Each structure stands twice: as structure tokens, then as C-alpha cells.
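Asks:
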Amino acid sequence: MARSVLEVSDLVAGYEPGVPIVRGASIRVDEGEIVVVLGPNGAGKSSFIKAIAGLVPVTGGSVTLDGNAITALPAHQMVRRGLAFVPQTENVFPLMTVEDNLKVSGGVLAKADVPGRIAEMYRLFPDLEARRRTPAGNLSGGQRQMVAVARALMVRPRLLMLDEPSAGLSPKFVSMVFRMLADVRKAGVTILLVEQNAKAALAIGDRAYVLIEGRQAHEGPAASLWQDPVVAELYLGQRNHATARGEQP
Amino acid sequence: MTLQFLVDGLLSGSMIGLGAIGVTLTYSILRFSNFSHGDLMAWGTYATLVIFSGITALFGKVAPFAPLSFGWPLLIALAASMLVTGGLALLLDRVLFARLRARGQMIIVVMASFGASMALRSLLEFLFSSRPDYFSRAIQIAMPVGLGMRITPDQIALLALTLLLVVAVHLLMTHSQIGREMRAVSQNLALAKVVGIDVDRVVRFTWMIGGALACVAGVMIGILVQIRPLMGFDMLLPVFAAAILGGIGSIPGAVLGGLIIGISEAAAVQIIGAEWRAAVAFLILMAVLFVRPIGLFGVRER
Amino acid sequence: MEILTYAAFFLTTALIFAMITLGLNLQWGLTGLFNVGLAGFVAIGAYTSAILTTPDDPARIGGFDMPIIIGWLAAMLMAGAVAAVVGAATLRLKSDYLAITTFGVAVVVQLVALNAESLTGGPFGMGFIPRPMGSLAEQPLAFNLANLAFACGITLLLYLALEHLAQSPWGRVLKALREDEKAAAALGKSVRFFRIQAFAVGGAIMGLAGAVQAHFIGFIAPENYLPTLTFQIWTMLIVGGSGSNRGAVLGALIVWGIWAGSGTLVSALVPADYQARAAALQIVAIGVMLCVILLVRPSGLLGGKRS
Numbered sequence: 715m716a717r718s719v720l721e722v723s724d725l726v727a728g729y730e731p732g733v734p735i736v737r738g739a740s741i742r743v744d745e746g747e748i749v750v751v752l753g754p755n756g757a758g759k760s761s762f763i764k765a766i767a768g769l770v771p772v773t774g775g776s777v778t779l780d781g782n783a784i785t786a787l788p789a790h791q792m793v794r795r796g797l798a799f800v801p802q803t804e805n806v807f808p809l810m811t812v813e814d815n816l817k818v819s820g821g822v823l824a825k826a827d828v829p830g831r832i833a834e835m836y837r838l839f840p841d842l843e844a845r846r847r848t849p850a851g852n853l854s855g856g857q858r859q860m861v862a863v864a865r866a867l868m869v870r871p872r873l874l875m876l877d878e879p880s881a882g883l884s885p886k887f888v889s890m891v892f893r894m895l896a897d898v899r900k901a902g903v904t905i906l907l908v909e910q911n912a913k914a915a916l917a918i919g920d921r922a923y924v925l926i927e928g929r930q931a932h933e934g935p936a937a938s939l940w941q942d943p944v945v946a947e948l949y950l951g952q953r954n955h956a957t958a959r960g961e962q963p
Numbered sequence: 002m003t004l005q006f007l008v009d010g011l012l013s014g015s016m017i018g019l020g021a022i023g024v025t026l027t028y029s030i031l032r033f034s035n036f037s038h039g040d041l042m043a044w045g046t047y048a049t050l051v052i053f054s055g056i057t058a059l060f061g062k063v064a065p066f067a068p069l070s071f072g073w074p075l076l077i078a079l080a081a082s083m084l085v086t087g088g089l090a091l092l093l094d095r096v097l098f099a100r101l102r103a104r105g106q107m108i109i110v111v112m113a114s115f116g117a118s119m120a121l122r123s124l125l126e127f128l129f130s131s132r133p134d135y136f137s138r139a140i141q142i143a144m145p146v147g148l149g150m151r152i153t154p155d156q157i158a159l160l161a162l163t164l165l166l167v168v169a170v171h172l173l174m175t176h177s178q179i180g181r182e183m184r185a186v187s188q189n190l191a192l193a194k195v196v197g198i199d200v201d202r203v204v205r206f207t208w209m210i211g212g213a214l215a216c217v218a219g220v221m222i223g224i225l226v227q228i229r230p231l232m233g234f235d236m237l238l239p240v241f242a243a244a245i246l247g248g249i250g251s252i253p254g255a256v257l258g259g260l261i262i263g264i265s266e267a268a269a270v271q272i273i274g275a276e277w278r279a280a281v282a283f284l285i286l287m288a289v290l291f292v293r294p295i296g297l298f299g300v301r302e303r
Numbered sequence: 067m068e069i070l071t072y073a074a075f076f077l078t079t080a081l082i083f084a085m086i087t088l089g090l091n092l093q094w095g096l097t098g099l100f101n102v103g104l105a106g107f108v109a110i111g112a113y114t115s116a117i118l119t120t121p122d123d124p125a126r127i128g129g130f131d132m133p134i135i136i137g138w139l140a141a142m143l144m145a146g147a148v149a150a151v152v153g154a155a156t157l158r159l160k161s162d163y164l165a166i167t168t169f170g171v172a173v174v175v176q177l178v179a180l181n182a183e184s185l186t187g188g189p190f191g192m193g194f195i196p197r198p199m200g201s202l203a204e205q206p207l208a209f210n211l212a213n214l215a216f217a218c219g220i221t222l223l224l225y226l227a228l229e230h231l232a233q234s235p236w237g238r239v240l241k242a243l244r245e246d247e248k249a250a251a252a253l254g255k256s257v258r259f260f261r262i263q264a265f266a267v268g269g270a271i272m273g274l275a276g277a278v279q280a281h282f283i284g285f286i287a288p289e290n291y292l293p294t295l296t297f298q299i300w301t302m303l304i305v306g307g308s309g310s311n312r313g314a315v316l317g318a319l320i321v322w323g324i325w326a327g328s329g330t331l332v333s334a335l336v337p338a339d340y341q342a343r344a345a346a347l348q349i350v351a352i353g354v355m356l357c358v359i360l361l362v363r364p365s366g367l368l369g370g371k372r373s
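Protein chains in written order, with our numbering: chain A, 715 to 963; chain B, 2 to 303; chain C, 67 to 373.
This is the structure we're talking about:
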């Protein structure tokens, strides 16, 4: 059995005391996997991943990375522990150049390590090298998403977490982003992904969890999860609703 | 009308600009207008005066650098006081601003800075009385520099010091890791945490830089004009106006804004009279707010 | 007798501060607008009314010898108009800009008071401002009691009007907007107009209070309207509890009590040479008090709960 990278058990979290949004969710991510967390709008997916990243107050449960407890550490210490997070929106520093976006994230690395990592990122994302002097705010949505992922990968994370990387992108960019994530995994990075766009996410994912009302309702291999009649009905029923408002470019 | 107002304006513009850098940094990184910034200038100046007097008492009168009115004691006192002023700003943040900031109502922090300003200024008045002090009573001869303008050696030295500091701060912001981190925090606080930036450290650094520059600006006023408890508070309006004119968050903007306001003030003094000087900054501020509230180099807030 | 006379005088002064504080409470407590230059608005009211109602004086323009009531109405109108312009310029921006601009207004008003000598009398100020109960001036006790009754009447009127406003739909909209600056900005022009109205009405009340004070004392000078005044009024509101009109009045009475009491103590105990310094220490103490209340009990004594 593969070694587990991330283990979340019975996580309870929310912005206000006594009003948990995440109510006892548990997941596991193994080395080299892409794990997808699905769920209808308001299921607490986004709060769940933010709680793991230290951005939403945690009131119960535990999070371990490579067996070390990282529950509710301040967000800025998560990166040092090997957990890199790409928020859903506003995930680049808009007034800084592409290169400065990468450099500022390299602050947790040894200084001598930074130029090599930047070169590595440009190798992985050649489009970015051509725009290294462009302020990130002037890039297209898909390119911004690239900067955000490259920025997260700068620090050689054990786990890359993304909150709805396809949100707000036009279909052309959505497929580009998911191809990019598949490539990142090939480079050996473990990925945890929260998505509204189930179809595209399950296409690249290994395993998936469905989160409903703040706890996981189902889990299974990405390919077969889709075939599970209960999940399909439950999720599709909600999903049509979500599609109607969620997927405009 | 002579062109002398350009020299005078450049000088007062330098002081305003140095103050405005601190205001623009606290505004963009800590997200509040610090009404006690002017009083940090005054505290820095009095700290310099105290250390300077201490050195003079210990080592006797030291000959100044040839054409200047001051020598190494003042420079040492200034360097030490820059640290002291930065430390005072940090202390103020620790006991007051940081606690209120944590509650999230930024306008309460502004109010607290207003109360702190009053207390700091009056404390200076209590300690030193409102009688003006001077670093040196030596009178300098202004040298003609052409086109009817005159400048003293002190003024040249202080202009050079300003230029040096502005370039240093600009390089720090654009080319060092802490500078990048400061820009990152000002652009997106949550993301800054996500990429591993220790925001508390950035906040401490911001106060140190703002306090140190406020100290230099105050000492410049002390050398060129005089030292009074109200000296910094009186600078507050031009300093805010300069930061807004330049565009909040922009260091080159703050300096340019300071120079524009300094030169406009000096021109107004020549044309209308010194008593209306303080109105100039207000008029420029109102014009900016009506015409282009994001200032010269500002970026629209999201 | 003398004590009673003094008490009446003390209370009258405190009530005038209470009027200013009520104006500030409309701006800050109800609407969340931060005015750091309220001394400027008070001064505008005082000078406007003084210029209109004083007898003719060859040394300056003005001295129109008009009825006091005209002076007071004009004071409200002027201070309100200036507040409206300031509001229009800054209320579409972040609240800090309003703070900085009002600060500037106070600086400029101070400059005009000091330097436009032909209008304001310059640093020496203006005298011979008619008193509403002038006929009683020969009998100190009766005069002070009449003044007190008058100040009570105006304060009560203001209080009732403001309570009524706060309960009206207009007041409820303002309260709803107070908490959420972003939403307020997003709601656009009509909302901004609401806030400008509140700021202007608050400014007008400050102007009225300034005029009332000028006519009670009979004499005004620029030094009455320094930033210390702004600071005193803020402390009064914060101590009493922002958002509550009763708190505003109570805070004014308490803080003015502390201020006047410690002032008396200083002048009685401290040798003359050190009185200026001791007065500075008095301001330090009040400044620290303001900060401590903000830290420990931000809602003040009677403040409404602000989530």
C-alpha cells in the first residue's frame, strides 16, 4: 500500500464559534495521487481545504502531513511543513512581476536554492518565462493560474492543494489548467483538489470524495465514483443546479 | 519673484517626502492612516537632541565637519535615534494598534492613532516645554548657485542625505526579499500568509522603516528650522497630502508628492505670504480627491 | 451663592460640549463617519454667527448687528454646507480620506481665523458678541441660571430631534450601512447621498453649538478651536458610548467634569511657572484614557452593541 502523505480525521472548522461549516470530515491522500473533493455548492468544500491550509479556524479533529501533526498551524508555517496551497481567486500578487511572484514565495527556501527553482519552474511552464517581467495582474486567467501553481511548486511541496482551479475560467483555459495539473503530477507531485467541475476533475483524478453538509458522504476511485448510482444521482441533481449559475466564463 | 522658492521647496519637500514614505507604508501594509506619524518625527528629533547633548556633555564640544554646522556627534545621535524612533513605533503598535487591528475595525485604529498623537505630543511638551530648541546656533552663509538662488552647506548635505535614503528604500522595496514581502502583504494579506510570509515580521519592519525615516525628517526640520513639540503635528497635513497625491503605497509617488507640495508651498510663501502656507497642502489634497483620488502612481483598490 | 453660580456656568459649558458631541454621534455613532476636524466646524459656526450679529466695527468687515437667531441659522447653514462639500469629495472613497480631509478643514479654518484679520479679528478674536440673556448680565446668578436653562432647552431639543431621526427610516438605513463600508460603497449614489446628508446635519449641529457657545461667552478667538477641542469631544463620545445620544450627553458631562476638575487642581497646586507643563500632562492623561477605553471597553458607558 502506498504511503499516505496527508491524513485528515474528523476535522471540524468554521469562521464563527459554534457554527461549524466543516463538521467532521476525514480524507486521506497517498503519495503520488491526485485526490478530488467534490460536492454541491455550500457543502463546505472550500472551507474544508482552507481549514487544512490554516486559513479557517479549526475547532476539532486533526491534520497530519507525513505523520507530523500540522493541525491549525498558522497559515504561513504550512509552507515550511511542505503544504502548498493555491486559493481559488486572487491567487497571485497582481502588481508584482511573474518573477517577483516566484521569488517572494522562495522566501522559505535557502537563498542559493531560489534561482535554480525559478529556472525549474520556467522549464515546467515555458509560457511564464516569456512573461517574467509582466505584472501578474496583466496576464490572462489561465496564465495567472499557471503563476499560482508555479509559485506553489517553488518550495517543492509534499502536497499541492488547489481550491477550484477552474473557477471563472473559459472552457479553453479549463482544459489547459487540468492538463497542466496532470503534468505536474507526472513530475511527482501529490495533489489535493477541490472542484465544482466534476467531469474535468474526475478525468485526471485517482480517487475522489464527495462532501455534503460538511462531512464526506462517499469516497472511491475517480473512475467508478461516477458510476455509483447514489452518488451520480445525488451529485448530478445538485450539479445541474450548480452548473446553471456556476460555469459562466 | 526669484527662483529661491525652488531651493526652499526642494528642502521642505524632502522632509515632507520622507514623512510621506512612512505614512504610505503604514497605510498600504497595515491599512490605516497613522495620525501619530508626525509626532514620531518630533520624538525622533528630541531623542536625537538628548543623545546629541549627552555626547557633547561627555566629550565636550566637537568641531563640526568643515562647512557644515554639525559633526559626527549629531550623525551618531541621528543613527541611534532612528532606531529609538522605530522602536517607539513598534512599542505603540504592540500596546495599542496591533490589539485594535486584531478586532478588524480599522477606523478605530485611526482614532487610536489620533489619541496617541495627542498624548505623545503633550508628553513632549511636558518633558521639554513648548520653548523651541536648536541643534546649533551657528549661522551659515548661503552660497549663490546661480539664477538668483542661494543654498547653505547644511542644506546641500541634507538634500544629499534624502536622496541617499530614498534610493536605499526604493532598492530595498524592489530588490530585497523583505521588500518583496512588504509589497506582497500590501497587495494581498491572505495570500501573503499562504506563500509563507511571516506577516508579523513584515509589520515590525514597516514600523522600523517608517519610524527611522520620520526621525530623519524631524532632524532635518530641527537643523534647518527649529525643534518644537508641535513640529511634527504641523507636518501631518502636507505629509498626508503628499502620500495621497503620489498614490497610496507608492514610494516614488510619496517622494514626488512631497516635492510638489514643498515647492508649491514655497511658491505660495513668496507670492501670497508665509501665513497661508498650510492651506496649500489642503488645496492640493482637495484637488486630488476630486480629480484623481488614486493619485499619480496609485492603483485602484480592489 | 458663588458655588451655585459656578455650577450653573460649569453645566452650561458642559451642555454646549454635549451639543457638539451629539453632532459627532450622528456622524460617527450612527453613520460611522470619522471627523477628525470637528473643531473646524464648531469654529465656522461661531465665526459665522459672530460676524453677522456683532455691532458694526470699523476695524473689520462684518458686524451686521443682526438678530441672534439669524446668526445661529446661518451658523448651521455654513457649517452644514462645508460638511456637505467635504462629504461629497470623500465619501465615495475609503473612510481614511474623510478623516484626513476633515483634519485639513480644521487646519484651514484655524488659518483663516488667524490670518483673515479683516473678517475674523485675527489672533485677538472678536468681542461684543450679543448675549441671548444680556439684560440679566448684572446679576451673575440669574444670568448663569438663565443661560443654563437656555442650554438645557437647546440640548433637549437636539436630543429629541436626534432620537427621532435615529428611529426614522432614514436613521435605520444609516445604521445598516455603518457596519459594512464595502456594501455601502457598492450600493452607489443614493446611499452616498444618505451619508452626505448625515455628515452635513452633524456638521450643522456642531456649527450651532459653536455659535451658541460664542454667544454665551461673548468673545471668540482662534485658540478656542485647536485640535484639543476635537480630541476632547471624541473622548466624550467614546467615554459615553458612541451610538447612544444619552451616552453623548453623559460623556460630555463626565469628561468635562474630569477636565475642569483636574484643571482647577493644577492651578491650585502647581506653581505658576510649571502650569503650562502640567496642562500638557493633563492632555496626556486624557489621551491615554481615550486609548485605554478603546482597548478595554470600546462601547463606552452607554454604547450600543456593535458586532
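A virtual CB, placed ideally from N, CA and C, is assigned to each residue, including glycine. Quick caveat: nothing in here was measured; it's all calculated off a predicted structure.
(1) DSSP three-state call for Val-736 (chain A): helix, strand or coil?
(2) Quick check: the Cα distance between Leu-185 (chain C) and Pro-293 (chain C), rounded to an integer number of angstroms?
(3) Name the DSSP beta bridge partners of Leu-661 (chain A), please?
(4) Using CA coordinates, which residue listed in A:Leu-916, A:Asp-920 and A:Lys-913 is at the minimum distance from Thr-904 (chain A)?
(5) Is Val-726 (chain A) helix, strand or coil by DSSP?
(6) Taking the DSSP output, what are the residues bridged to Glu-692 (chain A)?
(7) So, is Asp-131 (chain C) buried or exposed, given that buried needs 16 or more other C-beta atoms within 10 angstroms?
(8) Please name the residues in the stretch 159-191 of chain B whose beta-carbon is closer than 7 Å to at least one beta-carbon of chain A, in chain order.
(9) Using a Cβ cut-off of 8 Å (strictly closer), state whether Arg-343 (chain C) contacts chain B.
(10) Restricting to runs no shorter than 4 residues, where is the alpha helix (DSSP H) found entirely within the stretch 771-839 of chain A?
(11) The beta strand (DSSP E) with Arg-929 (chain A) in it runs from where to where?
(12) Between the alpha carbons of Cys-357 (chain C) and Ala-326 (chain C), how many angstroms are there, rounded?
(13) How long is the line joining the alpha carbons of Ala-81 (chain B) and Ala-48 (chain B), rounded to whole angstroms?
(14) If you scan the stretch 201-251 of chain B from start to end, which runs of the beta strand (DSSP E) of 3 or more residues do you find wholly inside it?
(15) Indicate the three-state DSSP secondary structure (helix, strand or coil) for Arg-181 (chain B) in the structure shown.
(16) For the alpha helix (DSSP H) containing Ala-158 (chain B), name the first residue and the last one.
(17) Interface residues of chain A around Gly-197 (chain B) at Cβ under 8 Å?
(18) To be precise: take each residue of the stretch 258-284 of chain B, compare its Cβ to all Cβ atoms of chain C, and keep it if any distance is under 9 Å. Which residues remain?
(19) Output yes or no for whether 8 Å exceeds the beta carbon distance between Leu-101 (chain B) and Ile-109 (chain B).
(20) Could you name the residues of the stretch 745-771 of chain A whose beta carbon sits closer than 9 Å to any beta carbon of chain B, in the order they occur along the chain?
(21) What did DSSP end up calling Ala-922 (chain A) once you bin it into helix, strand or coil?
(22) Ignore the nearest five residues each way along the sequence and tell me which others in Asp-235 (chain B)'s own chain have a CB closer than 8 Å to its CB.
(23) Interface residues of chain B around Thr-167 (chain C) at Cβ under 8 Å?
(24) Quick one: Cα of Val-239 (chain C) to Cα of Val-828 (chain A), how far?
(25) Report yes or no: is there a C-beta of chain A within less than 8 Å of the C-beta of Val-203 (chain B)?
(26) Skipping 5 residues on each side, what residues in its chain have a beta carbon closer than 7 Å to that of Leu-809 (chain A)?
(27) For Met-192 (chain C), list the residues DSSP reports as bridge partners.
(28) Going by alpha carbons, who is nearest to Leu-177 (chain C) out of B:Ile-157, B:Trp-277, B:Val-300 and B:Leu-284?
(29) Would you mind telling me which residues of chain C sit closer than 8 Å to Ala-48 (chain B), beta carbon to beta carbon, in chain order?
(30) Mind pulling the chain C residues with CB within less than 8 Å of Ile-228 (chain B)?
(31) Determine whether the beta carbon atoms of Ile-220 (chain C) and Val-278 (chain C) lie at a separation below 8 Å.
(32) Ile-109 (chain B) versus chain C: which residues are under 9 Å apart at the beta carbon?
(33) Val-200 (chain B) versus chain A: which residues are under 8 Å apart at the beta carbon?
(34) Can you tell me which of the three DSSP states Met-1 (chain B) falls into?
(35) Please list, in chain order, all residues of the same chain as Phe-33 (chain B) whose beta carbon is under 6 Å from its beta carbon, the five residues on each side excluded.
(36) Which whole-angstrom value describes the C-beta separation of Val-350 (chain C) and Leu-124 (chain B), a residue pair presumed to lie in contact below a C-beta threshold of 8 Å?
Replies: On the basis of the coordinates in this document:
(1) strand
(2) 22 Å
(3) The displayed coordinates of chain A run from 715 to 963. Any statement about residue 661 (chain A) would go beyond what the structure contains.
(4) A:Asp-920
(5) strand
(6) The question about residue 692 (chain A) has no answer, for chain A in this structure spans 715 to 963.
(7) exposed
(8) Gln-178, Arg-181, Glu-182, Arg-184, Ala-185, Gln-188, Asn-189 and Ala-191
(9) yes
(10) 789-795, 812-819 and 828-838
(11) 929-935
(12) 20 Å
(13) 9 Å
(14) none
(15) helix
(16) 154-176
(17) His-790, Gln-791, Met-792, Val-793, Arg-794, Ser-819, Gly-821, Val-822 and Val-869
(18) Gly-274, Glu-276, Trp-277, Arg-278, Ala-279, Ala-280, Ala-282, Phe-283 and Leu-284
(19) yes
(20) Ala-767, Gly-768 and Leu-769
(21) strand
(22) Gly-39 and Ala-279
(23) Leu-286, Met-287 and Leu-290
(24) 53 Å
(25) no
(26) Pro-849 and Gly-851
(27) C:Ile-286
(28) B:Trp-277
(29) The premise fails here: Ala-48 (chain B) is roughly 18 Å from chain C at the closest Cβ pair, so nothing lies under 8 Å.
(30) Under the 8 Å cutoff, chain C gives no residues; its nearest Cβ is about 16 Å from Ile-228 (chain B).
(31) yes
(32) Leu-360 and Pro-364
(33) His-790
(34) Nothing about residue 1 (chain B) can be read from this structure; chain B reaches only from 2 to 303.
(35) Met-107, Val-110 and Val-111
(36) 5 Å
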